[in-house]
Amino acid sequence: MRNFSSEPSPPQPWGAPPSPEPGPESVQAPAGPTTASSGQVTFTGLRGDFFSLVVAGGLLQLVTVGFYRFWLVTDIRRHLWRHTRIGADALEYTGTARELLIGFLVALAILAPVYVLYFLAGLVAEEYAAFASVPLVLVLYVFGHYATYRARRYRMTRTSLRGLRFWMTGSAFAYAGRAAWWDFLTVITLGLAYPWRAAALERYRMRNTRYGTLEGGFVGTGWRLFVRGAWMWVLAMVVLAGMIAAAAGMASAGALASLAGDKDEVETILGLVSLGVVLLVVLLLPLWPIFRATELRWRIEGTRFGPVSLHSSLRRRTVLGCYAAALGVSMLVGSAGSVLFGTATMVMKNPFEHIETAGLGGQIGAFAVIAVIYLLMLFGFGVVKRVFVDRGVWAAVAATTTVVGVEALDHVAAAGEAAGSLGEGLADALDVGAI
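Going by the working numbering, the sequence shown opens with residue 899, and the numbers climb by one from there.
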């Protein structure tokens, strides 16, 4: 479900976290259409409340070995949905953790035979076991697209506004086929076909999306997205070509130096190659959030529900700020984890050596220390991602979007049936799920 709001987001400097959203009493109209038929959308959630929610949920997820994640995802959705308002009307998420759990268990029952057949095929024809993984990967890849469509259908039917649910039609298999074909074209064109892929798939999703009796649609074009993001593709290709050329040149120089027996020169060349690759990767890092902001604004402005349209003033720098903040805090989490591990190393001399030389009790203790530090770091990274990226981008989109033609919502009647949670379960099992 897209999130719409009307509060423009102030520019943020590189590396600074986005400013907290104002409360509902201080939200202003966006820099977009402000006619009598425009619906002002606001996001009223507080970062502190969301932080407390994900910290508590993350800790419960740790102690339950991941089992609590169904409740955590449900709580996150309820928080984001109910704090997103169109005028005086808030979105409502009606899904339950029990539905997600059942969907996941059913998905495991479906996927388990696939893995068993693959295992048996490897035993019967051991020499072909490596090749047997190719069809398995292809099947799971297409199945992943199927799962994402079914999962979106579930989320839509659990989202309501003014007591009326969103819902979807269409075939998940047809969507998976389209997605696989467009992915193939995107790969063989080195990403050049991606804008047309995004337009085709979004058009299929939105043409099969409904709000009550109001039909959805999508008017965005691949060409418009291409024009907005072409410079990023060119820059990425130039950097990639530079990396390949530099690596090839350095490899040749290193080979010559190795033949000449100059070990110091070989090490110097390898160091320069490594440094160059790191610098080029750092150069490419900002492109992803910049492109994501570009694509989000393009998707929002192309969305239609009958006569209802959307206007967005989302800025690239706002989304970039969310990712920069996440990166900065993640580095702090990583540093804290390194300090913890260093402290454990000083206390235990060397945890890994301790595992090899200590008795059973010592081995268990050393493993426990390493496992706790590792899990705490994963927990920290998860909290950072949910607070700064998931919620941050959601709030940024909500703060910069206006609904135009909102009076048409007054004449919508209830329609559609609730979808099952199998799609969510499959998406979770295949690790292609989303908030």
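Built from N, CA and C at the ideal position, the CB exists for glycine as well. Because the structure is a prediction, the values reported are computed rather than measured.
- Selection Pro1205, Ala1234, Gly1110, Leu958 evaluated against glycine 1314 yields Gly1110 as nearest (Cα-Cα).
- The region 1012–1100 is shown to contain whole alpha helix (DSSP H) runs of 4 or more residues at 1027–1055, 1070–1086, in chain order.
- If you compare the alpha carbons of His981, Ile1262, Phe1286, Arg1190 with that of valine 952, the shortest gap goes to Phe1286.
- Non-local C-beta neighbours of alanine 1134 in its own chain, meaning closer than 8 Å and more than five positions away in sequence, comprise Gly1089, Leu1182, Leu1185, ordered along the chain.
- For the 8 Å CB-CB criterion, arginine 1101 and threonine 1084 do not form a contact.
- The C-alpha of glycine 1204 lies about 11 Å from the C-alpha of arginine 1105.
- In this structure alanine 995 is not in contact with aspartate 1326, their Cβ atoms being roughly 12 Å apart against a cut-off of 8 Å.
- Around the beta carbon of serine 1236, a 10 Å sphere encloses fewer than 16 other beta carbons of the protein chains shown; the residue is thus reported as exposed.
- Residue Ala1223 holds the alpha-carbon nearest to the alpha-carbon of valine 1291 among Ala1223, Ala1317, Phe965.
- Taking every protein chain shown into account, the CB of threonine 962 has fewer than 16 other CB atoms within 10 angstroms, so this residue is exposed.
- Within the region 1180–1236, the runs of alpha helix (DSSP H) at least 4 residues long that lie entirely inside it are, in chain order, 1185–1200.
- By the CB criterion at 8 Å, glycine 946 and histidine 977 fall outside the cutoff.
- The C-beta distance from alanine 1070 to tyrosine 1047 rounds to 4 Å, short enough to meet the 8 Å contact threshold.
- DSSP places aspartate 987 inside the beta strand (DSSP E), whose first and last residues are 987–991.
- Isoleucine 974: member of the alpha helix (DSSP H) spanning 967–980, first to last residue.
- By alpha-carbon distance to arginine 1050, the top candidate from Leu957, Arg1126, Gly993, Asp1081 is Gly993.
- With fewer than 16 other Cβ atoms from the protein chains shown falling within 10 Å of its own Cβ, glycine 1140 counts as exposed.
- Note on tryptophan 1129: under 16 other CB atoms within 10 angstroms of its CB, so exposed under the neighbour-count rule.
- Distance from histidine 981 to phenylalanine 949 at the Cβ level is roughly 14 Å; contact not present, criterion being Cβ atoms closer than 8 Å.
- Given a length threshold of 3 residues, each whole run of the beta strand (DSSP E) inside the region 1256–1313 is given here in chain order: 1299–1302.
- In this structure, the straight-line span from the alpha carbon of alanine 1242 to that of alanine 1234 is close to 12 Å.
- Per DSSP, reduced to three states, the secondary structure at isoleucine 1333 is coil, with no helix or strand assignment.
- Inter-segment contact for the region 1001–1016 and the region 1273–1283 is absent: fewer than three beta-carbon pairs are separated by less than 8 Å.
- Close CB contacts of serine 1031 within its chain, under the 8 Å cut and outside five residues either way in sequence, are with Tyr1016 (chain order).
- Residue state for threonine 1107 is assigned as strand, using DSSP reduced to three classes.
- According to the DSSP assignment, glutamate 1315 belongs to no alpha helix (DSSP H), since it is labelled neither H nor E.
- The way I'd put it, the region 1317–1325 does touch the region 1035–1046; three or more beta-carbon pairs between them come closer than 8 Å.
- The three-state reading of DSSP puts leucine 1112 in strand, counting E and B together.
- Excluding its 5 nearest sequence neighbours in each direction, isoleucine 1188 has C-beta neighbours in its own chain below 8 Å: Met1130, Arg1214, Val1217, Leu1218, listed in chain order.
- A straight line joining the alpha-carbon of methionine 1066 with that of phenylalanine 1265 spans about 48 Å.
- Minimum Cα-Cα distance from tyrosine 966 among the listed residues Gln938, Phe1002, Gly1303 corresponds to Phe1002.
- When the beta-carbon positions are compared, valine 1037 and alanine 1074 stay at least 8 Å from each other.
- Between glycine 1303 and serine 1207, the beta carbon gap of about 6 Å places them in contact (Cβ cut-off 8 Å).
- Beta-bridge annotation (DSSP): glutamine 938 is paired with Thr1300.
- When the beta-carbon positions are compared, alanine 1294 and leucine 1225 stay at least 8 Å from each other.
- With respect to glycine 1127, threonine 1087 sits apart: the two C-beta atoms are not nearer than 8 Å.
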